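Quick notes on the structure that follows.
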Amino acid sequence: GFVGNFKTSVRSEGKDYALEHGTIILASGGEEYKPTEYLYGKHEQVLTQMELEQQLTDHSLKAEELKNVVMIQCVGSRNADRPYCSRMCCSQAIKNALRVKEVNPEANIYIFYRDIRTYGFKEDFYREARDKGIIFIRYDEDQEPQVRDKDGKLAMEVFDPLLMQNLVIEPDLLVLSVGIVPSAGREELAKMLKVPLNGDGFFLEAHVKLRPVEFSTDGVFLCGLAHSPKPISENISQAQAAAAKAAIILSKKLIASGGCVAGIDKE
Numbered sequence: 002g003f004v005g006n007f008k009t010s011v012r013s014e015g016k017d018y019a020l021e022h023g024t025i026i027l028a029s030g031g032e033e034y035k036p037t038e039y040l041y042g043k044h045e046q047v048l049t050q051m052e053l054e055q056q057l058t059d060h061s062l063k064a065e066e067l068k069n070v071v072m073i074q075c076v077g078s079r080n081a082d083r084p085y086c087s088r089m090c091c092s093q094a095i096k097n098a099l100r101v102k103e104v105n106p107e108a109n110i111y112i113f114y115r116d117i118r119t120y121g122f123k124e125d126f127y128r129e130a131r132d133k134g135i136i137f138i139r140y141d142e143d144q145e146p147q148v149r150d151k152d153g154k155l156a157m158e159v160f161d162p163l164l165m166q167n168l169v170i171e172p173d174l175l176v177l178s179v180g181i182v183p184s185a186g187r188e189e190l191a192k193m194l195k196v197p198l199n200g201d202g203f204f205l206e207a208h209v210k211l212r213p214v215e216f217s218t219d220g221v222f223l224c225g226l227a228h229s230p231k232p233i234s235e236n237i238s239q240a241q242a243a244a245a246k247a248a249i250i251l252s253k254k255l256i257a258s259g260g261c262v263a264g265i266d267k268e
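The opening residue of the sequence shown carries number 2 in this note's numbering; numbering runs sequentially from there.
Printed below as a string of C-alpha cells:
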C-alpha cells in the first residue's frame, strides 16, 4: 500500500484478518544477546543481568548468602561482530549491584568494565556504588577475564592494569552484562516495507536530524529497540515522537499522494 491506504493481512489463532490502516509504526524491538562466553549455560552460577534481576525480584536468589559477586561488562558487544554499545548495560549492572548490597552489605561486589557509561543523572548511581564499596576494575579488550570451572566452583583470573598483575577471584555468582541484538525476522520486515537496515542490523531512519523516526517511505515510522539499543526512557520518547508523526497523517481528511512534478511557465 501507500501512505493513507495500507492493507495488511494478519493471521491469529488460525484465522486470517485483513486490516486497512493509514500509517505503520515499526516497533519490532530487540533481543538479549545469549552469550557463549564465560561458561554461560554450563554452570548454574553464571547468569545474565536480566536473569539476576528476575531472581532478585522473585527472591529465588539468596543474596544474603553471597560472599563474592563478579559482574563482567560488554559481553558479546563492542567487538568486531557487534561494535556498538547497548547504552543500558552499565546502568543495569550498577542498579543490580546496589540491590545486592542492600540485601547483603557484607558482600564483595566486583564490576569489571571497559568503559563505564552511566551518562546523565545515572552518574549519581555510579557514585553511590563507589561510596558503598562496590569495586570497579577496568580490563582491556585484548586481556579479557578468564573463567574456568574449578572442581564445581567458579575461578576467574584477570589482569589489573593499575596493579600490573593478575587478580584471582572465586565468585559465588558471575553476572554477565550482555548487549541488545536486533530482533529475528527483521530482514523479512525490511523487504516487505521497503525500508533499510544499518550495518548493525537495526532499522535506519531517513535522517537522524531532519527526519527522525521516519523512513524514506511515506507513512512508515519506527521507534524503540527496532531503531537502536537505548534505555526505556528514550524508547518512550521515541514512541511518542512516532505516534505524533502518525497522528499528523491520520488527522487529515484527504492526503495527496504521488510524486512532485515540475511545471514550466512559458511566459
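Every residue, glycine too, gets a C-beta built ideally from N, C-alpha and C.
Given the structure is predicted, the values throughout are model-derived calculations rather than measurements.
Check                                                                                                                                                                                    : Outcome
How long is the line joining the alpha carbons of Asp-143 and Ile-170, rounded to whole angstroms?                                                                                       : 19 Å
Please work out which residues of its chain come closer than 6 Å, Cβ to Cβ, to Ala-156, disregarding the five sequence neighbours upstream and downstream, and give them in chain order. : Arg-149, Glu-171
Taking Cβ positions, are Arg-100 and Leu-67 nearer each other than 8 Å?                                                                                                                  : no
In angstroms, rounded to a whole number, what distance separates the CA positions of Lys-16 and Asn-109?                                                                                 : 55 Å
Mind pulling the beta strand (DSSP E) runs of 3 or more residues that sit fully within the stretch 174 to 256?                                                                           : 174 to 179, 181 to 183, 221 to 223
Looking at the C-beta of Asp-141, does it have a partner C-beta in chain B at a distance below 8 Å?                                                                                      : Protein chains in the displayed structure number just one, and chain B is not present.
Identify every residue that forms a DSSP beta bridge with Val-169.                                                                                                                       : Glu-158
Residues bridged to Asn-69 by DSSP?                                                                                                                                                      : Asn-109
Quick one: measure Cβ to Cβ for Ile-95 and Phe-126, integer angstroms, because I've assumed they're closer than 8 Å.                                                                     : 5 Å
Going by alpha carbons, who is nearest to Tyr-140 out of Glu-129, Gly-134, Val-159?                                                                                                      : Val-159
Am I right that Tyr-85 and Asp-201 are in contact with their C-beta atoms under 8 Å? What's the rounded C-beta distance?                                                                 : 5 Å
Give me whichever residues DSSP pairs with Leu-27 in a beta bridge.                                                                                                                      : Leu-223
Can you tell which of Gln-241, Lys-154, Pro-162 has its C-alpha closest to the C-alpha of Val-1?                                                                                         : With the chain represented from 2 up to 268, any question about residue 1 goes unanswered, as that position is not in the structure.
Mind checking which residues open and close the alpha helix (DSSP H) that includes Ala-130?                                                                                              : 124 to 132
Suppose contacts are defined by Cβ-Cβ distances below 8 Å. Is Thr-9 in contact with Ile-250 by that definition?                                                                          : no
Assuming the contact rule is C-beta atoms closer than 8 Å, Ser-184 and Glu-32 should be a hit. Round their C-beta distance to whole Å, please.                                           : 6 Å
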